[in-house]
Amino acid sequence: MSATSLLLIVINAIFIENFVLVKFLGICPFLGVSKKTDTAVGMGMAVIFTITLSSALTWLVNNLILVPLKLEYMQTVAFILVIATLVQFVEMALQKIMPALYQALGIYLPLITTNCAVLGSALLNIEKGYNFIEAVVFGFSASVGFTLAIVLFSGVRERLEFSDIPESFKGFPIALVAASLLSMAFMGFQGLKLPL
Amino acid sequence: MSEKNTSKVLPTLFDGLIKNNPTLIQLLGMCPTLATTTSVSNGIGMGLAATLVLICSNLVISLLRKFIPNKIRIAAYVVIIATFVTMVDLLMQAFLPDLSQVLGIFIPLIVVNCIILARAESFASKNGPLLSAIDGLGMGLGFTGALTIISAVRELLGNGSLLGIDIFGPSYHKMIIIILPAGGFLVLGFLIAGVQFIMRKRGANK
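Chains as they are written, first to last, in the working numbering: chain A, 278 to 473; chain B, 5 to 210.
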């Protein structure tokens, strides 16, 4: 493992296999909390924080507990418990240690438990057979990719507020069409052939 | 009591199937909706897997609703759901290995599908086991139906086929984009716009 291979993981996770626009993970918050750029940034930060931590924790749980005990089939149950507890814990810790950050992220944290990007990245780490450092780097960069997508998208949606949209397309449908165009833009990155 | 329950069965079933369709009206569970609808067989497979989990989890949560303490109910629901998802996952790996391969991590991700937790919280925790199971069936079939429609459109336009059978013949120029992620967003956007259009028409007629 070298610095280049880590860099490749970063670029791959942010651009080529973007969680939201290519892999369809974390669509609910992507569509739900992207009406304003401020809230999108808040959600993005909360997601980066949680996914990075949960990638590390689920990797440890998998490789130190589940694999030695041959309990790999319990992955889904174990991971979702780890994530749910982690989110609760992060919420309580933030409230005590960094009240300002808690104020900013507060309302988004409970939503993250049911964000499939968190469980998704934990499962992908195992599927791809990453080691500990690679798993943490992958989790971090995948969530940065999520944040990039949601912040870009919120900019588009703020503009949509002021445009003249056919009655039936108001709200969700036009947002999906906009997401489609954004996804098409990200398809450009597919052309990058990384030596993974 | 039982008579009252039987009269509620059909409305409960159709509520999930059409009136409150989880995907097209309530807009829940968007990730699997977009990710697994590249072909009709994938869409139906995903829908049925989720339906099975929904029925079982609704039933068990409803049976346990008086024993689960209110404070930790969400955690308890998640564990129950995760158990059934693991069972479905292992069953699919054993009996439908190809489908399981294609759907990949989206099978374990049924755990965090908002539809299932939403039904547990808003229906199964308040109603009896029979009605809850029916509600799970209705919602699950509604989800499956929506996935089937979306995947039919995507497979037909993107690959010129339905269920793997060629429909348009070799001269059809395939719209590959519809099968790619961008097309998923596009098709779903237009479908929901269509649903909203129909709802407005019906609202205007009343």
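Note that CB positions come from ideal geometry on N, CA and C, so glycine has one too.
Residue i CB to nearest heavy atom of the ligand FMN below 6 Å
i, result
"residue 466(A)", "This structure simply doesn't include the ligand FMN, nor any ligand for that matter."
Counterpart residues of residue i in DSSP-defined beta bridges
i, result
"residue 169(B)", "166(B)"
Proximity below 7 Å, CB of residue i to CB of residue j
i, j, result
"residue 132(B)", "residue 17(B)", "no"
"residue 355(A)", "residue 338(A)", "yes"
"residue 32(B)", "residue 154(B)", "no"
"residue 394(A)", "residue 430(A)", "no"
"residue 364(A)", "residue 390(A)", "yes"
"residue 289(A)", "residue 463(A)", "no"
"residue 147(B)", "residue 207(B)", "no"
"residue 307(A)", "residue 427(A)", "yes"
"residue 88(B)", "residue 61(B)", "yes"
"residue 15(B)", "residue 353(A)", "no"
"residue 201(B)", "residue 457(A)", "no"
"residue 398(A)", "residue 325(A)", "no"
"residue 357(A)", "residue 106(B)", "no"
Assumed close pair residue i, residue j - CB separation to whole angstroms, cut-off 8 Å
i, j, result
"residue 193(B)", "residue 454(A)", "4 Å"
"residue 124(B)", "residue 81(B)", "5 Å"
"residue 245(A)", "residue 333(A)", "It is not possible to answer for residue 245(A), since the shown part of chain A is limited to 278 through 473."
"residue 401(A)", "residue 109(B)", "6 Å"
"residue 44(B)", "residue 150(B)", "So it is not a contact: roughly 13 Å between Cβ atoms."
"residue 152(B)", "residue 20(B)", "In fact, because the Cβ distance is near 15 Å, the residues do not count as touching under 8 Å."
"residue 41(B)", "residue 204(B)", "Going by Cβ atoms, the distance from residue 41(B) to residue 204(B) rounds to 25 Å, so no, they are not a contact pair."
Residue i, buried or exposed, once every other Cβ within 10 Å from all chains shown has been counted against 16
i, result
"residue 187(B)", "buried"
"residue 310(A)", "buried"
"residue 465(A)", "exposed"
"residue 174(B)", "exposed"
"residue 168(B)", "exposed"
"residue 101(B)", "exposed"
"residue 408(A)", "exposed"
"residue 3(B)", "The requested residue 3(B) does not occur in the structure, where chain B is confined to residues 5 to 210."
"residue 93(B)", "buried"
"residue 162(B)", "buried"
"residue 182(B)", "buried"
"residue 7(B)", "Summary for residue 7(B): the model assigns pLDDT 46, below 50, so the residue's position carries little reliability, and this model does not support an answer."
"residue 260(B)", "Outside the displayed span of chain B (5 to 210) sits residue 260(B), for which this structure offers no information."
Neighbour list for residue i in chain E, Cβ cutoff strictly below 8 Å
i, result
"residue 204(B)", "Protein chains A and B are contained in the structure displayed, whereas chain E is not."
**Request:** Below 7 Å between beta carbons is the criterion; list the residues of the segment 97 to 116 of chain B that meet it against any residue of chain A, in chain order.
**Result:** Residues 109, 112, 113, 115, 116.
**Asked** Which residues, taken in chain order from the segment 21 to 36 of chain B, show a beta carbon closer than 7 Å to some beta carbon of chain A?
**Response** 31, 34, 35
**Request:** Compile a chain-ordered list of the residues in the segment 290 to 312 of chain A whose CB is closer than 8 Å to at least one CB of chain B.
**Result:** Only those residues of the segment 290 to 312 of chain A whose C-beta falls short of 8 Å from the nearest C-beta of chain B are listed: 298, 299, 300, 301, 302, 303, 304, 305, 308.
**Message:** By the 9 Å beta-carbon criterion, what residues does the segment 437 to 452 of chain A contribute toward chain B?
**Reply:** 443, 444, 445, 446, 447, 448, 449, 450, 451, 452
**Message:** At a CB distance below 7 Å, what residues from the segment 315 to 340 of chain A approach chain B? Give them in sequence order.
**Reply:** none
**Request:** With 9 Å as the C-beta to C-beta threshold (strictly closer), list the residues of the segment 397 to 426 of chain A near chain B in chain order.
**Result:** 397, 400, 401, 404
**Request:** Could you list the residues in the segment 182 to 200 of chain B with a C-beta less than 9 Å from some C-beta on chain A, going in chain order?
**Result:** 184, 185, 186, 187, 188, 189, 190, 191, 192, 193, 194, 195, 196, 197, 198, 199, 200
**Request:** Could you run through the segment 363 to 379 of chain A and flag, in chain order, every residue whose CB is less than 8 Å away from some CB of chain B?
**Result:** For the segment 363 to 379 of chain A, there are no residues whose beta carbon sits under 8 Å from a beta carbon of chain B.
**Item:** Contacting positions in the segment 59 to 93 of chain B - beta carbon closer than 9 Å to chain A
**Value:** 78, 79, 82, 83, 85, 86, 87, 89, 90, 93
**chain A contacts from the segment 141 to 169 of chain B (Cβ-Cβ distance under 8 Å)** = none
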